[in-house]
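Peer 1: With our numbering applied, the sequence shown covers 3 to 189.
Glycine included, every Cβ here is placed at the ideal spot set by N, Cα and C.
One structure follows; several queries about it will come next.
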Amino acid sequence: VLSLSSPEKIINIHDDTDPKKAVILKTINVSAAGVMLRMATDQREMIVGTSEEGDVTWYNLDFAKQVSDTSQCKVKHSQAISCCKYFRDAPLIVTADAEGSAMFWSVPPLRMNDFFNKILLNLSGSEDDNVGTVGITSIGISWPDENKLFVGSERGGLACIDISSVVESAKRRCASAAAAAPQRELP
(Lines of atoms letter the chains of each structure in order from A and count residues from 1; the text may use other names and numbers.)
(Lines give C-alpha, C1' and ligand atoms only; values in the text may rest on other atoms or scores of the structure.)
Protein backbone atom coordinates (compact mmCIF):
# COMPACT_ATOMS: atom_id res chain seq x y z
CA VAL A 1 0.00 0.00 0.00
CA LEU A 2 1.25 3.49 -0.85
CA SER A 3 0.29 6.66 1.00
CA LEU A 4 1.26 10.26 0.33
CA SER A 5 1.63 12.61 3.28
CA SER A 6 1.72 16.08 1.73
CA PRO A 7 2.43 18.01 4.98
CA GLU A 8 5.40 15.75 5.81
CA LYS A 9 6.40 15.50 2.12
CA ILE A 10 6.87 11.73 2.22
CA ILE A 11 5.50 8.66 0.49
CA ASN A 12 5.13 5.64 2.78
CA ILE A 13 5.23 2.09 1.46
CA HIS A 14 3.19 -0.10 3.84
CA ASP A 15 2.74 -3.82 4.36
CA ASP A 16 -0.88 -4.12 5.46
CA THR A 17 -1.23 -7.90 5.12
CA ASP A 18 -1.55 -8.33 8.89
CA PRO A 19 -4.89 -6.76 9.90
CA LYS A 20 -3.65 -6.19 13.46
CA LYS A 21 -0.42 -4.40 12.62
CA ALA A 22 0.56 -2.31 9.60
CA VAL A 23 4.28 -2.01 8.94
CA ILE A 24 6.01 0.83 7.08
CA LEU A 25 8.56 -0.85 4.80
CA LYS A 26 10.10 2.23 3.20
CA THR A 27 9.74 5.99 3.21
CA ILE A 28 10.50 8.20 0.20
CA ASN A 29 11.35 11.85 0.84
CA VAL A 30 9.59 13.97 -1.80
CA SER A 31 10.45 17.40 -0.40
CA ALA A 32 12.61 18.30 -3.43
CA ALA A 33 9.57 17.95 -5.71
CA GLY A 34 7.61 20.83 -4.21
CA VAL A 35 4.00 20.39 -3.18
CA MET A 36 2.83 17.00 -4.46
CA LEU A 37 -0.72 16.96 -5.78
CA ARG A 38 -1.15 13.50 -7.29
CA MET A 39 0.68 10.23 -7.64
CA ALA A 40 0.26 7.05 -9.67
CA THR A 41 2.05 3.72 -9.72
CA ASP A 42 2.83 1.23 -12.46
CA GLN A 43 2.00 -1.59 -10.00
CA ARG A 44 5.60 -2.83 -10.26
CA GLU A 45 8.46 -0.58 -9.30
CA MET A 46 7.79 3.06 -10.12
CA ILE A 47 5.73 5.93 -8.73
CA VAL A 48 5.11 9.17 -10.59
CA GLY A 49 4.27 12.28 -8.61
CA THR A 50 2.98 15.62 -9.89
CA SER A 51 3.22 19.07 -8.37
CA GLU A 52 1.38 22.37 -8.31
CA GLU A 53 4.38 23.93 -10.11
CA GLY A 54 3.77 21.67 -13.13
CA ASP A 55 6.63 19.24 -12.47
CA VAL A 56 6.53 15.47 -12.91
CA THR A 57 8.86 13.36 -10.75
CA TRP A 58 9.56 9.62 -10.86
CA TYR A 59 10.52 7.49 -7.85
CA ASN A 60 11.83 3.92 -7.71
CA LEU A 61 10.05 1.84 -5.06
CA ASP A 62 12.90 -0.66 -4.65
CA PHE A 63 15.48 2.01 -3.85
CA ALA A 64 13.02 4.51 -2.31
CA LYS A 65 14.71 7.29 -4.29
CA GLN A 66 13.90 9.88 -6.95
CA VAL A 67 15.16 8.69 -10.33
CA SER A 68 14.02 11.43 -12.72
CA ASP A 69 12.01 14.62 -13.15
CA THR A 70 10.94 17.06 -15.84
CA SER A 71 13.14 19.94 -14.71
CA GLN A 72 15.42 19.56 -17.76
CA CYS A 73 12.66 18.86 -20.30
CA LYS A 74 12.08 21.50 -22.96
CA VAL A 75 8.35 20.74 -23.03
CA LYS A 76 6.52 20.55 -19.70
CA HIS A 77 3.45 21.74 -17.87
CA SER A 78 3.29 25.41 -16.92
CA GLN A 79 0.32 24.98 -14.56
CA ALA A 80 -0.56 22.69 -11.67
CA ILE A 81 -0.89 19.06 -12.74
CA SER A 82 -4.28 17.80 -11.67
CA CYS A 83 -4.00 14.13 -12.63
CA CYS A 84 -1.68 11.40 -13.86
CA LYS A 85 -2.08 7.80 -14.95
CA TYR A 86 0.09 4.93 -16.18
CA PHE A 87 -0.97 2.96 -19.24
CA ARG A 88 -1.18 -0.81 -18.69
CA ASP A 89 0.35 -1.98 -21.98
CA ALA A 90 1.76 1.05 -23.77
CA PRO A 91 5.07 2.36 -22.36
CA LEU A 92 3.52 5.71 -21.39
CA ILE A 93 2.02 7.80 -18.63
CA VAL A 94 -0.31 10.73 -19.19
CA THR A 95 -0.51 13.88 -17.08
CA ALA A 96 -3.07 16.68 -17.37
CA ASP A 97 -3.21 20.24 -16.06
CA ALA A 98 -5.29 23.32 -15.35
CA GLU A 99 -4.67 24.69 -18.88
CA GLY A 100 -6.32 21.76 -20.64
CA SER A 101 -3.02 20.13 -21.67
CA ALA A 102 -2.56 16.37 -21.68
CA MET A 103 1.09 15.32 -21.90
CA PHE A 104 2.42 11.86 -22.57
CA TRP A 105 5.74 10.70 -21.08
CA SER A 106 7.68 7.60 -22.11
CA VAL A 107 8.67 4.91 -19.62
CA PRO A 108 10.92 1.86 -20.04
CA PRO A 109 11.56 0.09 -22.30
CA LEU A 110 11.47 3.43 -24.16
CA ARG A 111 13.75 6.24 -23.05
CA MET A 112 13.01 6.64 -19.38
CA ASN A 113 10.63 9.41 -18.33
CA ASP A 114 11.02 11.57 -21.42
CA PHE A 115 8.47 13.88 -23.06
CA PHE A 116 6.62 11.93 -25.77
CA ASN A 117 3.62 13.95 -26.98
CA LYS A 118 1.28 16.80 -26.02
CA ILE A 119 -2.39 17.42 -26.74
CA LEU A 120 -3.98 20.81 -26.01
CA LEU A 121 -7.70 20.35 -25.47
CA ASN A 122 -10.50 22.88 -25.91
CA LEU A 123 -12.96 21.72 -23.27
CA SER A 124 -14.99 24.93 -23.15
CA GLY A 125 -17.49 23.67 -25.72
CA SER A 126 -16.99 26.85 -27.74
CA GLU A 127 -14.85 27.75 -30.72
CA ASP A 128 -14.55 31.26 -29.29
CA ASP A 129 -11.10 31.77 -27.76
CA ASN A 130 -12.50 34.41 -25.39
CA VAL A 131 -14.30 31.79 -23.30
CA GLY A 132 -11.09 30.95 -21.46
CA THR A 133 -9.19 27.82 -20.64
CA VAL A 134 -10.95 24.94 -18.95
CA GLY A 135 -8.76 22.76 -16.76
CA ILE A 136 -8.72 18.98 -16.71
CA THR A 137 -9.64 17.50 -13.33
CA SER A 138 -9.79 13.78 -14.09
CA ILE A 139 -8.60 11.30 -16.71
CA GLY A 140 -9.29 7.71 -17.65
CA ILE A 141 -7.92 5.41 -20.32
CA SER A 142 -10.02 2.94 -22.32
CA TRP A 143 -9.28 -0.69 -21.70
CA PRO A 144 -8.05 -3.07 -23.03
CA ASP A 145 -7.09 -1.17 -26.20
CA GLU A 146 -5.89 2.07 -24.50
CA ASN A 147 -6.74 4.12 -27.58
CA LYS A 148 -9.17 6.60 -25.98
CA LEU A 149 -8.49 9.20 -23.30
CA PHE A 150 -11.47 10.29 -21.23
CA VAL A 151 -11.15 13.67 -19.53
CA GLY A 152 -13.35 15.51 -17.09
CA SER A 153 -13.22 19.29 -16.79
CA GLU A 154 -13.56 21.69 -13.88
CA ARG A 155 -16.89 22.81 -15.38
CA GLY A 156 -18.35 19.30 -15.31
CA GLY A 157 -17.71 18.52 -18.96
CA LEU A 158 -16.61 15.12 -20.23
CA ALA A 159 -14.70 14.42 -23.43
CA CYS A 160 -13.39 11.34 -25.22
CA ILE A 161 -10.23 11.83 -27.28
CA ASP A 162 -8.82 9.35 -29.79
CA ILE A 163 -5.17 8.83 -28.78
CA SER A 164 -4.57 5.73 -30.92
CA SER A 165 -1.84 7.45 -32.96
CA VAL A 166 0.10 8.32 -29.76
CA VAL A 167 -0.26 4.81 -28.34
CA GLU A 168 0.63 3.08 -31.62
CA SER A 169 3.69 5.32 -32.03
CA ALA A 170 4.91 4.33 -28.55
CA LYS A 171 4.32 0.64 -29.25
CA ARG A 172 6.13 0.87 -32.63
CA ARG A 173 9.13 2.55 -30.99
CA CYS A 174 9.15 -0.13 -28.33
CA ALA A 175 9.05 -2.92 -30.96
CA SER A 176 11.80 -1.20 -33.00
CA ALA A 177 14.02 -0.90 -29.93
CA ALA A 178 13.49 -4.58 -29.10
CA ALA A 179 14.28 -5.64 -32.68
CA ALA A 180 17.45 -3.51 -32.74
CA ALA A 181 18.72 -4.88 -29.42
CA PRO A 182 21.52 -7.42 -29.79
CA GLN A 183 20.36 -11.00 -29.28
CA ARG A 184 22.26 -13.08 -26.73
CA GLU A 185 23.15 -16.62 -27.64
CA LEU A 186 22.53 -19.27 -25.06
CA PRO A 187 25.51 -21.55 -24.24
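1. Alpha carbon to alpha carbon, what distance is there between F152 and L160?
2. Can you tell me whether F118 is buried or exposed? The criterion is at least 16 other CB atoms within 10 Å of its CB, across all chains shown.
3. Hey, how far is the Cα of T19 from the Cα of A182?
4. By DSSP, does R174 sit in helix, in strand, or in coil?
5. My assumption, with CB atoms under 8 Å, is that I138 sits in contact with S166. Please give the rounded CB distance.
6. Per DSSP, what kind of secondary structure is V50 in: helix, strand or coil?
7. Check each candidate in I49, Q81 and Q74 and name the one with the smallest Cα separation from I95.
Peer 2: Taking the definition as stated:
1. Between L160 and F152, the C-alpha separation is close to 7 Å.
2. Classification for F118: buried.
3. 42 Å
4. helix
5. That belief does not hold up - the Cβ atoms of I138 and S166 are roughly 19 Å apart, past 8 Å.
6. Under the three-state reduction of DSSP, V50 is assigned to strand.
7. I49
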